[in-house]
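Chains as they are written, first to last, in this note's numbering: chain S, 99 to 213; chain Y, 99 to 213. To keep things clear, I will list the structure first and then write my remarks on it.
Number of protein chains: 2
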Amino acid sequence: MSDPVAPAFAPLPEPPYYAVIFASLRTPSDDTGYAAMAERMVLLGAQQPGFLGIDSARGADGFGITVSYWASLDAISAWRAHAEHTVARETGRDQWYRQYTLRIAKVERAYGFEA
Amino acid sequence: MSDPVAPAFAPLPEPPYYAVIFASLRTPSDDTGYAAMAERMVLLGAQQPGFLGIDSARGADGFGITVSYWASLDAISAWRAHAEHTVARETGRDQWYRQYTLRIAKVERAYGFEA
């Protein structure tokens with residue numbers, strides 16, 4: 099592994115808050131369209147009320163996990179109802195994702211380590 | 099992206115249950131030792147009482163997310179106290195991880211999609 103430029107971790111606010119855990123397997127199709135949508139959703143999501151942060155990783159096998167953090171369930175519902183997010187979600191099911199799971203969880207404890 | 103052999107997703111039991119969300123940035127060192135430990139921890143963790151499943155992804159930049167699912171907080175505590183897991187965790191801080199965050203969260207809702 100080469101020495102990477104350190105990616106930013108989502109911040110660690112004091113619990114409780116909420117996590118949306120999205121695990122997904124990409125189809126092999128439309129990498130360009132997918133990448134543009136993913137970047138747009140991160141930018142747009144970060145502007146929503148109650149957004150606290152996001153962590154995301156995807157391996158070469160196409161399996162990825164994105165966890166976004168939110169101040170409340172209402173904030174998650176509002177983001178879910180956002181028009182542009184709704185279109186992205188529908189296109190995701192039609193084209194970009196072979197399979198996904200989504201879980202909503204209440205963060206009760208959180209800590210970090212830095213070498 | 100090539101057409102991958104589909105990785106297994108963690109199952110979707112009925113909530114509530116618990117998630118341990120582990121986001122980490124690898125150091126550039128000891129890929130072989132790290133891979134052996136990671137594989138051993140997945141096998142050993144899966145044998146623990148209350149283990150429900152695991153999802154894991156790491157990108158080429160060294161940033162990864164592993165989410166393991168557990169029936170109770172007690173099950174998480176028992177796995178945390180496991181001797182071999184404790185050694186792995188200490189070696190992780192000494193050698194393998196530049197930075198990590200760990201969150202414990204109660205899963206309240208969960209669903210899946212398959213194309």
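Cβ coordinates follow ideal geometry from the N, Cα and C atoms, glycine included. Note that the structure is a prediction, hence the values are computed from the model and not measured.
- Secondary structure of Thr199(S) (DSSP, three-state): strand.
- Listed in chain order, the positions of the stretch 190 to 213 of chain S with a beta carbon within less than 8 Å of a beta carbon of chain Y are Arg191, Tyr195, Arg196, Gln197, Tyr198, Thr199, Leu200, Arg201, Ile202, Ala203, Lys204, Val205, Glu206, Arg207, Ala208, Tyr209, Gly210, Phe211, Glu212, Ala213.
- Listed by position along chain S, the residues whose Cβ is nearer than 7 Å to that of Leu142(Y) form an empty set, because the closest Cβ is around 21 Å away.
- Boundaries of the alpha helix (DSSP H) around Asp172(S): 171 to 179.
- Taking the Cα of Asp153(Y) as reference, the smallest distance to any Cα among Arg201(S), Glu206(S), Ala213(S) is reached at Arg201(S).
- For a Cβ distance threshold of 7 Å, residue set Ala155, Arg156, Gly157, Phe161, Gly162, Ile163 of chain Y lies close to Ala155(S), ordered along the chain.
- By the 16-neighbour rule on beta-carbons within 10 angstroms, Tyr209(Y) is exposed.
- Leu110(Y): not part of any alpha helix (DSSP H); DSSP gives it neither H nor E.
- Counting C-beta pairs with one atom in each stretch, the stretch 118 to 125 of chain Y and the stretch 159 to 175 of chain Y have three or more that are closer than 8 Å, which means they touch.
- At a C-beta separation below 8 Å, Leu150(Y) has no neighbours in chain S, since its nearest C-beta there lies roughly 11 Å away.
- If you look at Gly131(Y), you'll find it in the alpha helix (DSSP H) that goes 129 to 144.
- In chain order, Pro113, Pro114 place their CB closer than 7 Å to the CB of Glu206(Y), counting only its own chain and leaving out the 5 sequence neighbours on each side.
- Gly151(Y) sits in a strand when the DSSP states are folded into three classes.
- Neighbourhood of Phe107(Y) in chain S, by CB distance below 7 Å: Ala121, Gln197, Thr199, in chain order.
- DSSP places Thr164(S) in the uninterrupted beta strand (DSSP E) bounded by 161 to 168.
- Looking at Ala144(S), Arg138(S), Thr125(S), the one whose alpha-carbon comes closest to that of Ala173(S) is Ala144(S).
- Taking 8 Å as the threshold, the shortest C-beta distance from Ala117(S) to chain Y falls below it.
- Contact annotation: Thr125(Y) and Trp194(Y) have beta-carbon atoms nearer than 8 Å.
- Non-local C-beta neighbours of Ala117(S) in its own chain, meaning closer than 7 Å and more than five positions away in sequence, comprise Val165, Tyr167, Ala203, Val205, ordered along the chain.
- In this structure, Arg187(S) lies away from Ala213(Y), with their beta-carbon atoms at least 8 Å apart.
- DSSP places Gly190(S) in the helix class (H, G or I) of the three-state scheme.
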